[in-house]
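Undergrad: Heads up, the sequence shown is in the numbering used here, so the first residue is 222 and it goes up one at a time.
Just so it is clear, CB atoms sit at the ideal spot from N, CA and C, and this is done for glycine as well.
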Amino acid sequence: MKNNLILIGGGGHCRSCIDVIELENKFKIKAIVDLPENIGKKILGYTIQYRDKDLESLVSKYKNVFISLGQIKDPSLRINTFQKLQYMGAHFPKIISPRAYVSPHAQIGEGTIVMHDAIINANAKVMDNSIINTKALIEHDAFVGSHCHIATGAIVNGDAKVFEGSFVGSNAVLKQGITIGKKRVIPAGERMMNSLQEEL
Numbered sequence: 222m223k224n225n226l227i228l229i230g231g232g233g234h235c236r237s238c239i240d241v242i243e244l245e246n247k248f249k250i251k252a253i254v255d256l257p258e259n260i261g262k263k264i265l266g267y268t269i270q271y272r273d274k275d276l277e278s279l280v281s282k283y284k285n286v287f288i289s290l291g292q293i294k295d296p297s298l299r300i301n302t303f304q305k306l307q308y309m310g311a312h313f314p315k316i317i318s319p320r321a322y323v324s325p326h327a328q329i330g331e332g333t334i335v336m337h338d339a340i341i342n343a344n345a346k347v348m349d350n351s352i353i354n355t356k357a358l359i360e361h362d363a364f365v366g367s368h369c370h371i372a373t374g375a376i377v378n379g380d381a382k383v384f385e386g387s388f389v390g391s392n393a394v395l396k397q398g399i400t401i402g403k404k405r406v407i408p409a410g411e412r413m414m415n416s417l418q419e420e421l
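#1: Report yes or no: do the stretch 271-286 and the stretch 304-317 share at least 3 C-beta pairs separated by less than 8 Å?
#2: I need the straight-line Cα distance from Ser367 to Gly266, nearest angstrom please.
#3: Is it right to say Pro296 is buried, meaning 16 or more other beta carbons lie within 10 angstroms of its own, or is it exposed?
#4: List the whole-angstrom C-beta distance separating Ile352 from His370, where the pair is believed to meet the contact cut-off of C-beta under 8 Å.
#5: Measure the Cβ-Cβ separation of Leu290 and Ile253 and say whether it is below 8 Å.
#6: Check each candidate in Ala372, Leu276, Phe364 and Ile376 and name the one with the smallest Cα separation from Lys396.
#7: Evaluate Asn354 with the Cβ neighbour count: other Cβ atoms within 10 Å of its Cβ, from every protein chain shown; 16 or more gives buried, anything less gives exposed.
#8: For Thr268, which of helix, strand or coil comes out of DSSP?
#9: According to DSSP, is Arg236 part of a helix, a strand, or is it coil?
#10: So, at 6 Å on beta carbons, what are the nonlocal neighbours of Arg320 in its own chain, with the 5 sequence-adjacent residues on each side left out?
#11: How about Ala409 and Ser387: do their beta carbons lie closer than 8 Å?
#12: Looking at C-alpha atoms only, which residue of Val383, Cys235 and His326 is the closest neighbour of Asp349?
#13: Could you tell me the alpha carbon to alpha carbon distance between Arg405 and Val365, rounded to whole angstroms?
#14: To the nearest angstrom, report how far apart Ile317 and Val335 are at their CA atoms.
#15: Is DSSP giving Arg412 helix, strand or coil here?
#16: Counting along the chain, where does the beta strand (DSSP E) carrying Asn224 start and finish?
#17: Within its chain, find whatever has a CB closer than 8 Å to the CB of Leu226; leave out the 5 residues flanking it on each side and keep chain order.
#18: Would you call His234 buried or exposed, if buried means 16 or more other Cβ atoms sit within 10 Å of its Cβ?
#19: List the residues that DSSP assigns as beta-bridge partners of Leu395.
#20: Helix or strand or just coil, what does DSSP make of Lys282?
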């Protein structure tokens, strides 16, 4: 029997999340929450019926919540939404595509999604509410903090660390052992050879 699930955010990233959720086949999407002006719109056959003011009653009824808001430059909306839902007592399941590989020796935090063809290797750690997007590679012993987005095709090499709220763009490569501080943006295609301190 599938568990019920609420999605928060009804944009383009939500479509990608739905595709992974349906393929994983563990959850039944019961509600999508978005802006008031999007009520009644459909996303891959699901109708947006709820707004933020409905969250408390939805969480009390269904418990399982997934944040399907995208994240590029600013993680604030995902962070604030996660904290608000925590306060409401929401549960945040991990969503892992059957087409991804996650080592049994890796650790994945709550509310994180691992999308199609992504790889997370041995002893890697990905914390809460993060996005490991399509074909991203998190190598052995790497660390990805909470509320991060590792975009399509990006590579976080062995023992590299990406701290809370950072974004690593498509096809970017982080050299082994380097550190990316909190709330940094690594542009698409960048080759990061040196550590980058957190945003001031």
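TA: Once the coordinates are examined:
#1: yes
#2: For the purposes of this step, residue 367 is taken as residue 146 along the sequence shown, with counting starting at 1. For the purposes of this step, residue 266 is taken as residue 45 along the sequence shown, with counting starting at 1. One C-alpha to the other measures close to 31 Å.
#3: In the sequence shown, residue 296 corresponds to position 75, counting from 1. Pro296 should be labelled buried.
#4: One-based indexing of the sequence shown puts residue 352 at position 131. One-based indexing of the sequence shown puts residue 370 at position 149. Right, the Cβ-Cβ distance comes to about 4 Å (below 8 Å), so this counts as a contact.
#5: The residue you call residue 290 lines up with position 69 of the sequence shown. The residue you call residue 253 lines up with position 32 of the sequence shown. No, Cβ-Cβ distance for Leu290 and Ile253 is not below 8 Å.
#6: By 1-based counting over the sequence shown, the position of residue 396 is 175. Of the candidates Ala372, Leu276, Phe364 and Ile376, the one whose C-alpha sits nearest the C-alpha of Lys396 is Ile376.
#7: If you number the sequence shown from 1, residue 354 lands on position 133. With 16 or more Cβ atoms within 10 Å of its Cβ, Asn354 is classed as buried.
#8: Taking the first residue of the sequence shown as position 1, residue 268 is located at position 47. Strand, per DSSP.
#9: Counting from one through the sequence shown, the residue named residue 236 turns up at place 15. Three-state result, Arg236: helix.
#10: Position 99 of the sequence shown, counting from 1, holds the residue named residue 320. Excluding sequence neighbours, Arg320 sits near His337 and Asp338.
#11: Here residue 409 refers to the residue found at position 188 when the sequence shown is read from its first residue. Here residue 387 refers to the residue found at position 166 when the sequence shown is read from its first residue. The answer is no: Cβ separation not under 8 Å.
#12: In the sequence shown, residue 349 corresponds to position 128, counting from 1. When only C-alpha atoms are compared, the closest one is Val383.
#13: Here residue 405 refers to the residue found at position 184 when the sequence shown is read from its first residue. Here residue 365 refers to the residue found at position 144 when the sequence shown is read from its first residue. Their backbone Cα atoms lie some 12 Å apart in a straight line.
#14: On the sequence shown, residue 317 is found 96 positions in, with the first residue counted as 1. On the sequence shown, residue 335 is found 114 positions in, with the first residue counted as 1. Cα to Cα, Ile317 sits roughly 5 Å from Val335.
#15: Here residue 412 refers to the residue found at position 191 when the sequence shown is read from its first residue. In the structure shown, Arg412 sits in a strand (DSSP, three-state: E or B).
#16: One-based indexing of the sequence shown puts residue 224 at position 3. From DSSP, the beta strand (DSSP E) with Asn224 extends over Asn224 to Ile229.
#17: Here residue 226 corresponds to residue number 5 of the sequence shown, with the count starting at 1. Counting only Cβ-Cβ distances below 8 Å, and skipping sequence neighbours, we find Ile242, Phe248, Lys249, Ile250, Lys251, Tyr283, Asn285, Val286, Phe287 and Pro314.
#18: Start at 1 with the first residue of the sequence shown, and residue 234 comes out as number 13. Burial call: buried.
#19: Translated into positions along the sequence shown, residue 395 becomes position 174. Leu395 is bridged to Val377 and Met413.
#20: One-based indexing of the sequence shown puts residue 282 at position 61. Helix, per DSSP.
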